[in-house]
Amino acid sequence: MNWNTNRRDFLKAAGAGLAAAAAAPNFAWAADGDTLRIRMDADFQVLDPWGIIGGLDEVIPRCTQVSLVRMGDMRDGNNWELYAAEKLEWLDGTRLAFTLRDGLMWTGDFGPVTAEDVKFSYERIAGSDSAWAYQFEKLKEVEVIDARSGVIHLTEAFAPFIVIAMPYYGGHIVCKAAVEAAGGSYTTEIPAQCGPFLLDSWEQAQKVTLKANPGWTGAAPAFSTVEIYILGDDQAAQLAYEADAFDFTRIAPGAVRQLKEAMPEGATLIEAESTRYVWLTINQNAEPLKDIRVRQAIQYAYDSDAVLQGAYDGLVGRSAGVVQPGTTYARTKNLIDTRDVEKAKALLAEAGAEGLTLNLVALTDSTSQTIAQIIQASLGEAGITVEIQPTEEAAYWALGDKTAGDDYLSLELVLQSFAGGVDPTENLVWFRPDQIGVYNWTFFDSAEYEDLYQTSLTELDPDKRRAMFNRMEDLMELSGDFVFICFEPLVAIHDSDLQPVILADGHPDPVRFTRV
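Using my numbering, the letters of the sequence shown map in sequence onto residues 1 to 516.
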């Protein structure tokens with residue numbers, strides 16, 4: 001494999017406008033019709049499903065590994081279908097039988113994909129320190145029947161198991177023999193692959209190339225090569241697309257109006273609801289934020305209308321939590337639903353916190369920086385000085401990680417967004433007590449929240465589940481640790497002769513892109 005770590009000049013951090021101007025001519029090269037070119041906003045870090053972080057970390061295993069089932073396009077209802085399994089059947093409420101498709105082979109002479117690989121893949125994550133252990137929280141064991149068949153045993157009935165555990169992240173199947181030979185885990189080099197594509201080359205922070213797997217026995221992908229270009233800023237990516245650098249890229253929501261007035265020739269715009277939720281983390285463990293009145297002052301000072309207009313051009317409304325608006329389980333409104341700057345000032349005065357200065361961490365993309373600047377201005381009206389700390393993706397995700405040092409203890413404000421799941425529990429899981437120092441960067445710690453979460457996993461009545469989820473979001477807001485911002489719209493542009501497939505997390509599935 002060719003590993004090239006030289007950075008291209010046009011990817012040097014120079015601000016969104018300069019990056020855009022520099023990126024377009026350098027990205028503009030032709031590709032034949034058998035090559036799919038897509039853009040992602042950050043490089044991958046860990047390809048082992050145990051340690052996947054998200055984004056490109058997840059997109060590559062969609063191409064190079066298999067899962068028992070896979071999800072369909074988010075615009076078609078997030079339906080699941082069989083993938084590595086040719087048969088999947090509930091024997092009863094706690095037993096799920098599967099049979100693998102014949103002909104699935106690992107690279108590197110590791111032989112066929114087996115039920116033992118499924119057992120190893122699931123059980124190594126269940127009960128572990130992996131961020132994806134929640135997917136297998138109800139897993140008791142995987143019983144191997146024969147080389148291709150097994151039974152998944154759950155500790156109790158848990159109907160969402162198929163859509164929560166099996167299609168992505170921890171659900172990607174790895175080769176037991178290969179992973180054990182590699183020492184039990186891996187990061188950037190996959191010890192054995194089994195998917196429609198193989199990881200061919202990686203030019204760090206620039207480009208990943210995937211090539212069709214000659215040993216793949218399933219339906220052939222529409223392209224023999226997938227080139228994934230890494231470019232952080234949406235505005236730069238839009239200009240690069242217009243210079244014929246990509247076939248598909250997400251773009252900034254604020255660009256929609258301009259594009260509709262002058263669409264590039266041969267391009268199609270996607271506007272869709274997404275499951276990606278955005279919020280402001282207020283860390284109650286940080287010394288200036290220990291007083292709940294200070295945290296509530298931030299909630300009252302926040303200017304939702306300014307953010308939604310300035311960063312999203314009014315394309316979406318404010319969210320009332322981390323459950324997607326307009327769905328069965330969504331909360332109808334925030335408890336603090338109206339901005340009140342005078343209330344914020346009064347709370348600060350009561351807490352003796354006038355003249356407060358806080359640090360706000362935000363990613364470097366244009367949308368995040370716009371939101372950060374509006375938060376800075378709105379909190380400033382209440383007397384809070386906000387200093388913005390733009391942070392690149394790799395460093396950003398280490399901020400709240402307790403294994404990376406003690407900095408997570410003193411984080412103050414962080415602008416965060418997560419790719420949501422199909423079931424609300426997949427969005428609510430990150431704010432449980434056991435996620436402090438992992439992905440719960442607020443130090444929100446509620447026994448009631450945890451009890452409701454556990455009960456919601458097995459409750460089947462939609463009305464009872466809705467009440468649980470709404471109460472959990474009430475508890476989040478009442479803690480003063482959260483300002484719910486919105487569910488970001490999915491906005492992308494692609495060649496009109498291309499049919500993309502985008503999953504619930506908003507990321508593409510290159511395996512199923514086709515030409516039309």
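All C-beta atoms, glycine included, are put in the ideal place defined by N, C-alpha and C.
Label E477 either buried or exposed according to how many other C-beta atoms from any shown protein chain fall within 10 Å of its C-beta, with 16 as the threshold for buried.
For this step, residue 477 is matched to residue 477 along the sequence shown. E477 should be labelled buried.
Which residues in the same chain as G150 place their Cβ atom closer than 7 Å to its Cβ, once the five residues preceding and following it in sequence are excluded?
Here residue 150 is taken as the residue at index 150 of the sequence shown, counted from 1. So the list reads F98, A115, V118, K119, V142, E143, V144, once near-sequence residues are dropped.
Going straight from the alpha carbon of V307 to that of A372, what length do you get?
Residue 307 sits at position 307 when you count from the first residue of the sequence shown. Residue 372 sits at position 372 when you count from the first residue of the sequence shown. Between V307 and A372, the C-alpha separation is close to 9 Å.
Check this for me: beta carbons of G232 and T364, under 9 Å apart or not?
For the purposes of this step, residue 232 is identified with residue 232 of the sequence shown, where counting begins at 1. For the purposes of this step, residue 364 is identified with residue 364 of the sequence shown, where counting begins at 1. The answer is yes: Cβ separation under 9 Å.
Is A451 helix, strand or coil when you go by DSSP?
For the purposes of this step, residue 451 is identified with residue 451 of the sequence shown, where counting begins at 1. Here residue 451 is Asp; the residue named in the question, Ala, does not match the sequence. Note: D451 maps to helix in three-state DSSP.
Say whether the segment 507–515 touches the segment 193–201, bearing in mind that this needs 3 or more beta-carbon pairs closer than 8 Å, one atom from each stretch.
Yes, the segment 507–515 is in contact with the segment 193–201.
Can you check DSSP and say which residues form a bridge with K464?
As a first step, residue 464 must be located in the sequence shown, where it is residue number 464. None, per the DSSP bridge assignment.
Am I right that E597 and P489 are in contact with their C-beta atoms under 8 Å? What's the rounded C-beta distance?
Because the chain is modelled from 1 through 516, residue 597 falls outside the range shown and cannot be assessed.
According to DSSP, S417 sits in a beta bridge with which residue or residues?
Walking along the sequence shown from the start, residue 417 turns up at place 417. For S417, which the question treats as bridged, DSSP gives the partners V278.
Which stretch, first to last residue, makes up the beta strand (DSSP E) that contains R37?
Counting from one through the sequence shown, the residue named residue 37 turns up at place 37. R37 -> beta strand (DSSP E) spans 35–40.
Whole angstroms are fine: how far does the CA of T209 sit from the CA of A30?
Residue 30 sits at position 30 when you count from the first residue of the sequence shown. Residue 209 sits at position 209 when you count from the first residue of the sequence shown. Confidence is the limiting factor: at A30 the pLDDT is only 49, short of 50, which leaves the residue's position unreliable and the question unanswerable from this model.
Does E450 get closer than 9 Å to chain C when you measure Cβ to Cβ?
The structure shown contains no chain C; it is built from a single protein chain.
Here's a check: name, in chain order, each residue in its chain whose Cβ is nearer than 8 Å to the Cβ of D291, leaving out the five neighbours to either side.
As a working note, residue 291 is residue 291 in the sequence shown. Cβ within range, chain order: A351, A353.
Evaluate the contact criterion for the segment 162–172 versus the segment 69–77: three or more CB pairs, one atom per stretch, below 8 Å.
With the cut-off at 8 Å, the segment 162–172 and the segment 69–77 touch.
Around the C-beta of A492, are 16 or more other C-beta atoms found within 10 angstroms, so that it is buried, or is it exposed?
Residue numbering aside, residue 492 sits at position 492 when the sequence shown is read from its first letter. It counts as buried.
Could you check the C-alpha separation between T225 and N213 for me, to the nearest Å?
Numbered from 1 along the sequence shown, position 225 holds the residue referred to as residue 225. Numbered from 1 along the sequence shown, position 213 holds the residue referred to as residue 213. So the two alpha carbons sit approximately 10 Å from each other.
Among the residues of its own chain, which have a CB less than 7 Å from the CB of R124, if the five just before and after it don't count?
Along the sequence shown, one-based indexing puts residue 124 at 124. Only W50 meet the Cβ criterion.
Quick one: what does DSSP say K211 is sitting in, helix, strand or coil?
Within the sequence shown, numbered from 1, the residue matching residue 211 stands at position 211. If DSSP states are grouped into helix, strand and coil, K211 belongs with the strands.
How is Y169 classed by DSSP in three states: helix, strand or coil?
Residue 169 sits at position 169 when you count from the first residue of the sequence shown. Reduced to three states, the DSSP call for Y169 is helix.
Using 9 Å as the threshold, is the C-beta distance between H172 and P253 below it?
Here residue 172 is taken as the residue at index 172 of the sequence shown, counted from 1. Here residue 253 is taken as the residue at index 253 of the sequence shown, counted from 1. Going by C-beta atoms, H172 is not nearer than 9 Å to P253.
Please report how far the alpha carbon of F248 lies from the alpha carbon of D146, in whole angstroms.
Your numbering for residue 248 matches position 248 in the sequence shown. Your numbering for residue 146 matches position 146 in the sequence shown. For F248 and D146, the distance between alpha carbons rounds to 42 Å.
So is R250 buried or exposed if we call it buried at 16+ other beta carbons inside 10 Å?
Within the sequence shown, the letter at position 250 stands for residue 250. Answer is buried; the Cβ neighbour count reaches 16.
Which residue marks the beginning of the alpha helix (DSSP H) containing Y241, and which one marks its end?
In the sequence shown, the residue the question calls residue 241 occupies position 241. First-last of the alpha helix (DSSP H) with Y241: 234–242.
When DSSP labels each residue in this structure, what does D505 get in the three-state scheme?
As a position in the sequence shown, residue 505 is number 505, starting the count at 1. It is coil, neither helix nor strand.
Here's the rule I'm using: 16 or more other beta-carbon atoms within 10 Å means buried, otherwise exposed. How should K176 be labelled?
Position 176 of the sequence shown, counted from the first residue, corresponds to residue 176. Buried, since its Cβ has 16 or more Cβ neighbours within 10 Å.
For L411, which option in D451, A398, Y312, G218 has the closest C-alpha, if you only look at C-alpha atoms?
Taking the sequence shown and counting its residues from 1, one reaches residue 411 at position 411. It is A398.
Output the boundary residues of the alpha helix (DSSP H) element that contains N64.
Translated into the one-based positions of the sequence shown, residue 64 becomes position 64. The amino acid occupying residue 64 in the given sequence is Thr; Asn does not appear at that position. That run of the alpha helix (DSSP H) goes 56–64.
My understanding is that S417 touches V278, with C-beta atoms under 8 Å, so please give their C-beta distance in whole angstroms.
Start at 1 with the first residue of the sequence shown, and residue 417 comes out as number 417. Start at 1 with the first residue of the sequence shown, and residue 278 comes out as number 278. That belief holds up - the Cβ atoms of S417 and V278 are roughly 4 Å apart, short of 8 Å.
With distance defined between alpha-carbon atoms, name the residue in L457, R257, I53 nearest to A157.
The residue you call residue 157 lines up with position 157 of the sequence shown. Checked all of L457, R257, I53; the closest Cα to A157 is L457.
Is it true that the segment 432–441 meets the segment 370–386, where meeting means three or more beta-carbon pairs spaced less than 8 Å apart?
No, the segment 432–441 is not in contact with the segment 370–386.
Would you mind sorting G54 into buried or exposed? The rule is 16 or more other CB atoms within 10 Å of its CB.
Within the sequence shown, the letter at position 54 stands for residue 54. By the neighbour-count rule (16 or more Cβ atoms within 10 Å), G54 is buried.
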